[in-house]
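Number of protein chains: 2
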Amino acid sequence: MSHIDERVAALRTLLEKHDLDAWIINGTDPHQSEYVCTRYRTRQWISSFTGSAGTVVITKDAALLWVDSRYFIQAQQQIAGSEFVMMKVDTPSYPDPYDYLKEQLSEGSRVGIDSATLTVSAKASMEAAFAGKLEVVPCTDLLDAIWLDRPAVPSNKVVSVPNDIAGFSAIQKLTMVRLAMARKGCDYTVVSSLDDIAWITNLRGSDISYNPVFLSYLVVGRQQAWLFTNPDRFDAETKSLVSSDFEILDYEAVVSTLSNLFKADDVIYYNPDKTNLLLFETFRANKTVSGLDITTDLKACKNETELEGMRKAHLLDGVALVNFLASLDTQNGRYTEIELSDMLKRQRKRSAHCIGESFSPISGWAAHGAMCHYSADEKSNAKVAGNGLLVLDTGGMYTFGLTDVTRTILFGIPTEEQKRDYTLVLKGNLALANMRFPEGTCGYQLDVLARQFLWQQGLSYFHGTGHGLGFRLCVHEGPHSISPKPLAVPLKKGMIVSDEPGVYKEGRHGIRLENILAIKEDVKTEFGQFLSFEVLTICPFERTLIDKNLLTEAEIAMVDAYHQWVYAELKDLVDGTALPYLQRATARL
Amino acid sequence: MSHIDERVAALRTLLEKHDLDAWIINGTDPHQSEYVCTRYRTRQWISSFTGSAGTVVITKDAALLWVDSRYFIQAQQQIAGSEFVMMKVDTPSYPDPYDYLKEQLSEGSRVGIDSATLTVSAKASMEAAFAGKLEVVPCTDLLDAIWLDRPAVPSNKVVSVPNDIAGFSAIQKLTMVRLAMARKGCDYTVVSSLDDIAWITNLRGSDISYNPVFLSYLVVGRQQAWLFTNPDRFDAETKSLVSSDFEILDYEAVVSTLSNLFKADDVIYYNPDKTNLLLFETFRANKTVSGLDITTDLKACKNETELEGMRKAHLLDGVALVNFLASLDTQNGRYTEIELSDMLKRQRKRSAHCIGESFSPISGWAAHGAMCHYSADEKSNAKVAGNGLLVLDTGGMYTFGLTDVTRTILFGIPTEEQKRDYTLVLKGNLALANMRFPEGTCGYQLDVLARQFLWQQGLSYFHGTGHGLGFRLCVHEGPHSISPKPLAVPLKKGMIVSDEPGVYKEGRHGIRLENILAIKEDVKTEFGQFLSFEVLTICPFERTLIDKNLLTEAEIAMVDAYHQWVYAELKDLVDGTALPYLQRATARL
Numbered sequence: 036m037s038h039i040d041e042r043v044a045a046l047r048t049l050l051e052k053h054d055l056d057a058w059i060i061n062g063t064d065p066h067q068s069e070y071v072c073t074r075y076r077t078r079q080w081i082s083s084f085t086g087s088a089g090t091v092v093i094t095k096d097a098a099l100l101w102v103d104s105r106y107f108i109q110a111q112q113q114i115a116g117s118e119f120v121m122m123k124v125d126t127p128s129y130p131d132p133y134d135y136l137k138e139q140l141s142e143g144s145r146v147g148i149d150s151a152t153l154t155v156s157a158k159a160s161m162e163a164a165f166a167g168k169l170e171v172v173p174c175t176d177l178l179d180a181i182w183l184d185r186p187a188v189p190s191n192k193v194v195s196v197p198n199d200i201a202g203f204s205a206i207q208k209l210t211m212v213r214l215a216m217a218r219k220g221c222d223y224t225v226v227s228s229l230d231d232i233a234w235i236t237n238l239r240g241s242d243i244s245y246n247p248v249f250l251s252y253l254v255v256g257r258q259q260a261w262l263f264t265n266p267d268r269f270d271a272e273t274k275s276l277v278s279s280d281f282e283i284l285d286y287e288a289v290v291s292t293l294s295n296l297f298k299a300d301d302v303i304y305y306n307p308d309k310t311n312l313l314l315f316e317t318f319r320a321n322k323t324v325s326g327l328d329i330t331t332d333l334k335a336c337k338n339e340t341e342l343e344g345m346r347k348a349h350l351l352d353g354v355a356l357v358n359f360l361a362s363l364d365t366q367n368g369r370y371t372e373i374e375l376s377d378m379l380k381r382q383r384k385r386s387a388h389c390i391g392e393s394f395s396p397i398s399g400w401a402a403h404g405a406m407c408h409y410s411a412d413e414k415s416n417a418k419v420a421g422n423g424l425l426v427l428d429t430g431g432m433y434t435f436g437l438t439d440v441t442r443t444i445l446f447g448i449p450t451e452e453q454k455r456d457y458t459l460v461l462k463g464n465l466a467l468a469n470m471r472f473p474e475g476t477c478g479y480q481l482d483v484l485a486r487q488f489l490w491q492q493g494l495s496y497f498h499g500t501g502h503g504l505g506f507r508l509c510v511h512e513g514p515h516s517i518s519p520k521p522l523a524v525p526l527k528k529g530m531i532v533s534d535e536p537g538v539y540k541e542g543r544h545g546i547r548l549e550n551i552l553a554i555k556e557d558v559k560t561e562f563g564q565f566l567s568f569e570v571l572t573i574c575p576f577e578r579t580l581i582d583k584n585l586l587t588e589a590e591i592a593m594v595d596a597y598h599q600w601v602y603a604e605l606k607d608l609v610d611g612t613a614l615p616y617l618q619r620a621t622a623r624l
Numbered sequence: 036m037s038h039i040d041e042r043v044a045a046l047r048t049l050l051e052k053h054d055l056d057a058w059i060i061n062g063t064d065p066h067q068s069e070y071v072c073t074r075y076r077t078r079q080w081i082s083s084f085t086g087s088a089g090t091v092v093i094t095k096d097a098a099l100l101w102v103d104s105r106y107f108i109q110a111q112q113q114i115a116g117s118e119f120v121m122m123k124v125d126t127p128s129y130p131d132p133y134d135y136l137k138e139q140l141s142e143g144s145r146v147g148i149d150s151a152t153l154t155v156s157a158k159a160s161m162e163a164a165f166a167g168k169l170e171v172v173p174c175t176d177l178l179d180a181i182w183l184d185r186p187a188v189p190s191n192k193v194v195s196v197p198n199d200i201a202g203f204s205a206i207q208k209l210t211m212v213r214l215a216m217a218r219k220g221c222d223y224t225v226v227s228s229l230d231d232i233a234w235i236t237n238l239r240g241s242d243i244s245y246n247p248v249f250l251s252y253l254v255v256g257r258q259q260a261w262l263f264t265n266p267d268r269f270d271a272e273t274k275s276l277v278s279s280d281f282e283i284l285d286y287e288a289v290v291s292t293l294s295n296l297f298k299a300d301d302v303i304y305y306n307p308d309k310t311n312l313l314l315f316e317t318f319r320a321n322k323t324v325s326g327l328d329i330t331t332d333l334k335a336c337k338n339e340t341e342l343e344g345m346r347k348a349h350l351l352d353g354v355a356l357v358n359f360l361a362s363l364d365t366q367n368g369r370y371t372e373i374e375l376s377d378m379l380k381r382q383r384k385r386s387a388h389c390i391g392e393s394f395s396p397i398s399g400w401a402a403h404g405a406m407c408h409y410s411a412d413e414k415s416n417a418k419v420a421g422n423g424l425l426v427l428d429t430g431g432m433y434t435f436g437l438t439d440v441t442r443t444i445l446f447g448i449p450t451e452e453q454k455r456d457y458t459l460v461l462k463g464n465l466a467l468a469n470m471r472f473p474e475g476t477c478g479y480q481l482d483v484l485a486r487q488f489l490w491q492q493g494l495s496y497f498h499g500t501g502h503g504l505g506f507r508l509c510v511h512e513g514p515h516s517i518s519p520k521p522l523a524v525p526l527k528k529g530m531i532v533s534d535e536p537g538v539y540k541e542g543r544h545g546i547r548l549e550n551i552l553a554i555k556e557d558v559k560t561e562f563g564q565f566l567s568f569e570v571l572t573i574c575p576f577e578r579t580l581i582d583k584n585l586l587t588e589a590e591i592a593m594v595d596a597y598h599q600w601v602y603a604e605l606k607d608l609v610d611g612t613a614l615p616y617l618q619r620a621t622a623r624l
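Protein chains in written order, with this note's numbering: chain A, 36 to 624; chain B, 36 to 624.
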């Protein structure tokens, strides 16, 4: 019996004890974080699968793991030798987990799930899917009893972001929240989303790799605010600063405190997509107003100080990128994928303002570059030598912002196909970045601009074109995006979004070009207020991969103008040894 | 007291009698038709407002009419002198009807509505909005008792579309429906949508202007099918033809028949967006499966015979359009708006295959062209003379298809602004028509292609880019569209859609260019199956309005290729006197 099968068997014993017929593990944390700390890697612990999304279902007879197409190969390998069976998400012959349970279990069966990771919305979806046939039973996490060395809730130190970097103090942000609460007629708002809490409090932590958040809940009342997080994680100075605006209470004290705090006629604002059942139980009887977290829009529309910080971060990042690119021997070099991302990391770290990387770097050579979510490890780490393309998708975390940039770097001599593909991706990147659009436009309306040239040639890519970015916070931040998914969130002034079309040819090469864009006001006409993009990323494109014959005059002018700007921004800042490269790379096409 | 106020007062007396606190009139018919016959012009009868959309709410104290921005001016004029108050849809300071009622009425109040025009979905939305505070009370239509000369349910003659024109016989279509029902595990499907019924039965009526449908319900069982419509509307031959596949029963017999037909363990398929409460009550206790009508997709994806018919209809239409355009004196002519649309209608009617117009023509001169939904009447009918633009949006109904085409025609000398605007609209029309896109793409993803050039110049238009079209049926047909609205309906092979960007400058001019596109299979690559468009409309663009400097080489080639095709298709078919015009109009730019 594998150690995985032993864990499944132990869980089944608990199922019987609790009179449950199935257990669902969604692999999220109590805050619905995109990335979770080790304590909440429950899906991985029970199944060995290390991917970032998937659902585990354990019944008396079966152990199943649902994963999406990104993970079909990886999941199959990682569950091999155990009793787990892989199920494919969005694949015709596979039911989804809820339908599976409805088919397999007899009427009246009880399906358990950890109430700390079950949101109000998710419970409603489950109940709708079960249509009265099965019962959803939110419980304390059964894994606690069998995962003996389960890591504790992390409580790494937090640091404060100075007001002159954040743009607004925590009390100013609380005031904004309270104004919005008043407009909604609410007495309290319950915040579970970790990046919203980090943004309001102007605090940053390190509980989750790369995402500088700290595990906590926040409740804002009309006069007071309560921050539930381990009080030991503050140094004296930060604690005294924070205590003037927030009462700091233990993370574990949240449920008991809220149960006493909320009175019968209090109106509670909450986000059903982020609020778990534990918290919801404390105000289930109250009148509620629900929607996106109040701070989601405030956080997404960067203030002038945040924008200025992001510009500075991108300038420092441009220096690091050009120093790195200039140092490469792309004709006779012998690097590994990891060496290359490490070299770039070292260039970034030369700036005292660079705190680290903003996410785990992607350095994919040749066929690895064609795997969208490739991450080099010691085993896969390929030798970068000869002719080929490297997709390098990395980012820096700076004290006043963060970056996320992808460049596709040529080693050796390109093929015509590679040049054509690169140029088509570049055309899409430019078309989106140079678009003007009326207020009210949503990301899904613009997505095709980045795809159109690929589509015309029978090519495509199967990821979104752009994600929102946080300010010295998480590299992925909502509520907006630029994607084929019909997410009805209008793009607004101050929002930041990536522009990253690509093309991935299995076994051959991958290409992705990613610039970061800030949304700004443009002309106002009789047709309304228009918006457009400011490009933040400062790094040349790979001119040897551009087929000028595929560019229009207007596109050539766009590339030249971008390169002239890159040169002007960086010429006095890059290493002297990098200047010849910068000049060559940014010369007119 | 105006006659409108008298009607409102009479309705209020009935409200009191039925213990109701408010009455809602949504202005739809029992089939949720886009256009309704006179019997169901309830909104107009109670308020005088003649627009195609709006909601009336009558309470003890107030009479209100909600309309969208298209109708702000018209509605205000039409309700003037009555107690009606206009409310603006999607306008910040105006609540929607349900919120208004929730605010104005005391808890427990009863809101009545005609159950024949209330769909299952609409009732659910009302109940969600009322949140338990108000009660929704579906009733028989109170207007019946006070609208003394209310027109009867129409029962104009129906005609049969021969199988060689429809492509499939009614029994073949019933078989397709039954196969889909079997896959869904259903015993019956209930169809309320009039164009779906016309499509399945291969019958056409004339109960509603321009929309060749007939008032009816259809229920398809595993072996039998029941068509509820006035049996007197069939001639003997048609009746005998239809009777082999359908049992014909009275329209009014639907509820009593279904109540007896459905047994307890029957599973019913229905469309909650189309099924009214009267019908729903007959199977409320049954197990149901719900979704779009089964035939909606079958009908939308035209078969080869239907496509061939549509091509022939567009060829005849092109002949009529070119004969019409060639006959115009655009320098010294003296026409009225109505004369021009009548001249085109006469050209269409020269073909024996032309049954009539497919919708009420739009002929808008100068400032009238800037009013998207302008319809010339005797009072507004403008003199078309001097310099200016005419927007002419018309369509023909043919025995084997229908057309819908908009051309913007220059009279006299154009301004630079008119040429620029026309060219920007043309660029959008071409960009969409020439796009290739992967299977699974939805209309909202393509919409921006038609807008992008206008947006870049701070211009826009506030309607969708394209609607689906029926086959010798309704000119507007779902489920697909090309619009900024995030309607998650993938475009499929055989679907037909319009491509009609425009620009409307209030008080000055309007421009719209509309071609009809059919979706066809294109290349299949490692990225999947691609689709593209076949242009069906055969009519030159207005070359004197094209500013060549604003077109790329590729766009000039697109216009030239289109014009060469138009010339080749029409040269042997148009009047001899029209040939010189056709040659001039389709010469290379």
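We treat Cβ as the ideally placed atom computed from N, Cα and C, and that holds for glycine. The model shown is predicted, which means the values in this text are computed figures rather than measured ones.
**Study point:** Rounded straight-line distance, which links the Cα of A:Arg47 to that of A:Ile181
**Key:** 11 Å
**Study point:** Residues bridged to A:Thr371 (per DSSP)
**Key:** A:Lys418
Check your understanding: Looking at C-alpha atoms only, which residue of B:Asp364, B:Gly542 and B:Ala97 is the closest neighbour of B:Gly421?
Key -> The shortest Cα separation from B:Gly421 among B:Asp364, B:Gly542 and B:Ala97 belongs to B:Asp364.
Review point. Which residue from B:Leu427, B:Thr224, B:Val601 and B:Asn237 puts its Cα closest to that of B:Val212?
Key: B:Thr224
Point to revise | Nearest residue (CA-CA) to A:Ala215, options A:Ile554, A:Gly431, A:Ile373 and A:Ser325 | key: A:Ser325
Review point. Since B:Arg543 meets chain A, which of its residues come closer than 8 Å, beta carbon to beta carbon?
Key: The premise fails here: B:Arg543 is roughly 10 Å from chain A at the closest Cβ pair, so nothing lies under 8 Å.
**Study point:** Selection from A:Val524, A:Gln480, A:Gly503 and A:Tyr539 that minimises the alpha carbon distance to A:Ser495
**Key:** A:Tyr539
Review point. Along chain A, which residues have their Cβ under 7 Å away from the Cβ of B:Pro521?
Key: Tyr479, Pro521 and Ala523
Practice item. Could you name the residues of the same chain whose beta carbon sits closer than 7 Å to that of B:Thr441, not counting the 5 residues immediately before and after it, in chain order? Key: Val426, Leu427, Asp428, Glu535, Arg547, Leu548 and Glu549
Review point. For B:Ile448, does the count of other Cβ atoms within 10 angstroms reach 16, so buried, or fall short, so exposed?
Key: exposed
Exercise for review: Take every Cβ of the region 103-120 of chain B, pair it with every Cβ of the region 65-76 of chain B, and state whether three or more of those distances are shorter than 8 Å.
Suggested key: no
Point to revise | Straight-line Cα distance separating B:Leu49 from B:Val43 | key: 10 Å
Practice item. State yes or no: is the beta carbon of A:Phe565 nearer than 8 Å to at least one beta carbon in chain B? Key: yes
**Study point:** Below-8 Å beta-carbon distance, B:Gly493 vs any chain A residue
**Key:** Yes, B:Gly493 lies at the interface with chain A (some Cβ there is under 8 Å from its Cβ).
Check your understanding: In this structure, what does DSSP give as the bridge partners for A:Thr429?
Key -> A:Val440
Check your understanding: Taking the Cβ atom as the reference point for each residue, do A:Lys559 and A:Phe568 lie within a distance shorter than 8 Å?
Key -> no
Practice item. Compare the C-alpha of B:Thr587 against each of B:Leu424, B:Leu617, B:Ala466 and B:Arg486 and name the closest. Key: B:Ala466
Exercise for review: Hey, could you find the ends of the beta strand (DSSP E) B:Gln564 is sitting in?
Suggested key: Gly563 to Val570
Check your understanding: Which residue or residues does DSSP assign as beta-bridge partners of B:Ser533?
Key -> B:Ile551
Review point. Enumerated in chain order, which unbroken segments of the alpha helix (DSSP H) with a length of 4 residues or greater are wholly contained in the region 178-251 of chain A?
Key: 178-181, 198-201, 205-218 and 229-236
Practice item. Using a cut-off of 8 Å between C-beta atoms, extract the partners of B:Phe562 located in chain A. Key: Gly493, Leu494 and Ser495
Exercise for review: Verify the contact flag: A:Leu314, CB atom, against every heavy atom of the ligand MN, threshold strictly below 7 Å.
Suggested key: Absent from the structure shown: the ligand MN. Ligands present: none.
Exercise for review: Tell whether a beta-carbon distance below 8 Å holds between B:Leu624 and B:Ile573.
Suggested key: no
Point to revise | Nearest candidate by alpha-carbon position, reference A:Ala485, set A:Gly537, A:Thr371, A:Arg78 and A:Asp582 | key: A:Gly537
Practice item. Please confirm if A:Met470 has its CB atom under 8 Å from at least one CB of chain B. Key: yes
Check your understanding: DSSP three-state call for B:Ser278: helix, strand or coil?
Key -> Helix, per DSSP.
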